[in-house]
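Following: one structure in structure tokens, then a few remarks.
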Amino acid sequence: MNSPSSLPVVINLTDNNEMAGNETTNYKQGYSKSTLSSHASRTVESDAAFLLPHIKPSDKILDVGCGPGTITGGLARHAPEGSVVGVDLSQSVLDDARRHLDELRGAAAAAADGNGGLGEVSFQVADVLAGLPFADGTFDVVYSSQLFPHLPPPDVPLRAMREMRRVLRPGGVLACRDVAEIHWYPRRLGLDRLHGRRLLRGVGAPDFPGPTMPALLRAAGFDVDGDGGGGAEGGGARIGAGTTVYSGPEGRRFLAEGLLGRLEEGDPYRRSWVEAGISESEVEETRAALREWVETEDAWYVAVQSEILAWK
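Counting in UniProt numbering, the sequence shown runs from 1 upward without gaps.
Rendered as structure tokens:
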């Protein structure tokens, strides 16, 4: 559950209004401070708790689409004898990730000897669709958070999933967390349509990817029908779900201010909406609804997240 108390990450973010990606990804939200503040609120506890019981101290971990690295650094705490590699399309975002890692190491070292229990961490520019720069079977764990909403179906998500499976060692575990649906309460404000459906139009997706993740796993070669016992002989998959919740005055303010910032003139997120055919008046309609929502007593938001584990 995301709430102000569970969003402690504060890092200096580079304001970068570039439209990221290439001809095969529809990541159009850019890397403005408003967007990155949302990405930086994700932690290993909030977004990868379902994976943590399956990480061994010596594991080699890959974080695909790592963004500002707040989850990446958290994964390193759980593999103190191993290593974590974070990859993303944007060099500027990886620079932010390195700064965050330096801060994390400093804080950890102040509380412990040596590296403070963090495994080796590195970041590099890479594109899962162009081919990851790693040999087959390199990693014990391959992880992604909110990667698949930005990959237009049907063919591009399958390419990404197959590439992630390629670099996973036999017996290794893949973990993906992706939105399945979102809801804004109270419903009378209409934000399921004004924000949720327009968000999908902006990224060029017909729907959120969570519901189709089991089929995607199967198509990529994973044994979805196994019980998910794991291990070199076990294989299988586990399909689960989690939530991201914003409630209370401070939680509402964090979410709404971030989205209002992303919908300001000049932000790539707003530009993606306009380029998708959403009119300026419709953008302002959404902004007005967000301002009303944040001031509505007892209003809250929930995103249902698919949380999948699959063993190779």
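Each residue gets a CB set at the ideal place from its N, CA and C atoms; glycine is no exception.
**Request:** Confirm, please, whether the CB-CB distance from Phe123 to Gly65 is below 8 Å.
**Result:** Residue numbering aside, residue 65 sits at position 65 when the sequence shown is read from its first letter. Residue numbering aside, residue 123 sits at position 123 when the sequence shown is read from its first letter. Taking 8 Å as the Cβ cut-off, Gly65 and Phe123 do not qualify as a contacting pair.
**Beta-carbon proximity list for Ile278, same chain, < 8 Å, skipping 5 on both sides** = By 1-based counting over the sequence shown, the position of residue 278 is 278. Here the set comprises Arg198, Arg201, Gly202.
**Prompt:** On the three-state DSSP scale, how would you describe Val208?
**Reply:** Within the sequence shown, residue 208 is the residue found at index 208, counting from 1. Looking at the sequence provided, one finds Phe at residue 208 rather than Val. Phe208 falls in the coil class under three-state DSSP.
**Message:** Under 8 Å: do the region 133 to 153 and the region 96 to 105 share three or more Cβ pairs, one atom per stretch?
**Reply:** no
**Request:** Mark Gly69 as exposed unless 16 or more other C-beta atoms lie within 10 angstroms of its C-beta, in which case mark it buried.
**Result:** Here residue 69 corresponds to residue number 69 of the sequence shown, with the count starting at 1. Answer is buried; the Cβ neighbour count reaches 16.
**Request:** May I have a chain-ordered list of the alpha helix (DSSP H) segments no shorter than 4 residues that lie completely inside the region 141 to 186?
**Result:** 155 to 166
**Request:** Let me know if Gln146 comes out buried or exposed under the rule of 16 or more other beta-carbons within 10 Å of its beta-carbon.
**Result:** Locating residue 146 in the sequence shown gives position 146, counting from the first residue. The residue is buried, with at least 16 neighbouring Cβ atoms inside 10 Å.
**Request:** Could you check if Glu280 is buried or exposed, using at least 16 other CB atoms within 10 Å of its CB as the buried criterion?
**Result:** Here residue 280 refers to the residue found at position 280 of the sequence shown. Exposed: under 16 other Cβ atoms inside 10 Å.
**Residue from Asp207, Pro214, Val294, Val274 with nearest C-alpha to Tyr246** = Residue mapping note: residue 246 aligns to position 246 of the sequence shown, counting from 1. Residue Val294 is the option with its Cα nearest to Tyr246.
**Request:** Go through its chain and collect everything with a Cβ distance to Asn133's Cβ below 7 Å, but skip five positions before and after it.
**Result:** The residue given as residue 133 occupies position 133 in the sequence shown. Here the sequence assigns Pro to residue 133, which means Asn is not the residue at that position. Same-chain partners within the cutoff: Ala126.
**Message:** So if DSSP puts Glu120 in a beta bridge, which residue, or which two residues, is it bridged to?
**Reply:** For the purposes of this step, residue 120 is taken as the residue at position 120 of the sequence shown. Answer is Ser83, bridged to Glu120.
**Prompt:** Taking Cβ to Cβ, would you say Glu217 is nearer than 8 Å to Ile71?
**Reply:** In the sequence shown, counting from the first residue as 1, residue 217 sits at position 217. In the sequence shown, counting from the first residue as 1, residue 71 sits at position 71. The question names Glu, yet the displayed sequence has Leu at residue 217. Not a contact, by the Cβ cut-off of 8 Å.
**Message:** Less than 8 Å between the beta carbons of Leu129 and Ala76, yes or no?
**Reply:** Here the question's residue 129 lines up with position 129 in the sequence shown. Here the question's residue 76 lines up with position 76 in the sequence shown. Not a contact, by the Cβ cut-off of 8 Å.
**Prompt:** How big is the Cα-Cα spacing for Met161 and Gly226?
**Reply:** Residue mapping note: residue 161 aligns to position 161 of the sequence shown, counting from 1. Residue mapping note: residue 226 aligns to position 226 of the sequence shown, counting from 1. For Met161 and Gly226, the distance between alpha carbons rounds to 18 Å.
**Prompt:** Which whole runs of the beta strand (DSSP E) in the region 219 to 293 are 3 residues long or more, in chain order?
**Reply:** 237 to 247
**Request:** Output the distance between the C-alpha atoms of Gly195 and Thr286, rounded to the nearest integer angstrom.
**Result:** On the sequence shown, position 195 is the one that residue 195 refers to. On the sequence shown, position 286 is the one that residue 286 refers to. Looking at the sequence shown, residue 195 is not Gly but His. Cα to Cα, the separation comes out at about 6 Å.
**Close-in-space but distant-in-sequence residues of the same chain around Ala219 (CB under 6 Å, 5 per side omitted)** = As a first step, residue 219 is located in the sequence shown; it is residue number 219 there, counting from the start. The residues are Leu158.
**Three-state secondary structure (DSSP) of Ser58** = Position 58 of the sequence shown, counting from 1, holds the residue named residue 58. In this structure, Ser58 counts as coil in the three-state DSSP scheme.
**Asked** Straight-line CA distance for Pro154 to Ser306?
**Response** The residue labelled residue 154 in the question sits at position 154 within the sequence shown. The residue labelled residue 306 in the question sits at position 306 within the sequence shown. Between Pro154 and Ser306, the C-alpha separation is close to 18 Å.
**Asked** Going by alpha carbons, who is nearest to Ala180 out of Asp136, Ala303, Pro53, Arg271?
**Response** Position 180 of the sequence shown, counted from the start, is the residue given in the question as residue 180. With distances taken between Cα atoms, Ala180 lies closest to Ala303.
**Asked** Of all the options Tyr301, Pro211, Pro209, Ile239, which has the alpha carbon lying nearest to the alpha carbon of Asp223?
**Response** Taking the sequence shown and counting its residues from 1, the one referred to as residue 223 is at position 223. Measuring from the Cα of Asp223, the nearest candidate turns out to be Ile239.
**Request:** Rounded to whole angstroms, what's the CA-CA distance from Val173 to Asp63? Just pull it up for me.
**Result:** Walking along the sequence shown from the start, residue 173 turns up at place 173. Walking along the sequence shown from the start, residue 63 turns up at place 63. Roughly 12 Å separates the two Cα atoms.
**Prompt:** Buried or exposed: where does Ser58 fall if 16 or more other Cβ atoms within 10 Å of its Cβ makes it buried?
**Reply:** For this step, residue 58 is matched to residue 58 along the sequence shown. Ser58 should be labelled exposed.
**Message:** On the criterion of 16 or more Cβ atoms from any shown chain inside 10 Å, does Asp178 qualify as buried, or is it exposed?
**Reply:** One-based indexing of the sequence shown puts residue 178 at position 178. Buried.
**Request:** Provide the residue span of the beta strand (DSSP E) that contains Val302, from first to last.
**Result:** Along the sequence shown, one-based indexing puts residue 302 at 302. 300 to 311 is the span of the beta strand (DSSP E), which, as asked, contains Val302.
**Request:** With a cut-off of 8 Å on the beta carbons, I'd call Leu189 and Glu292 a contact; round off their distance for me.
**Result:** Walking along the sequence shown from the start, residue 189 turns up at place 189. Walking along the sequence shown from the start, residue 292 turns up at place 292. Rounded, the Cβ-Cβ distance is 6 Å, consistent with contact.
**Request:** Determine the burial state of Ala288: buried for a count of at least 16 other Cβ atoms within 10 Å of its Cβ, exposed for fewer.
**Result:** Along the sequence shown, one-based indexing puts residue 288 at 288. By the neighbour-count rule (16 or more Cβ atoms within 10 Å), Ala288 is not buried but exposed.
**Request:** Tell me, to the nearest whole angstrom, how far the beta carbon of Trp311 is from that of Gly236; I am working on the premise that it is less than 8 Å.
**Result:** Taking the first residue of the sequence shown as position 1, residue 311 is located at position 311. Taking the first residue of the sequence shown as position 1, residue 236 is located at position 236. The Cβ separation is near 6 Å, so the contact holds.
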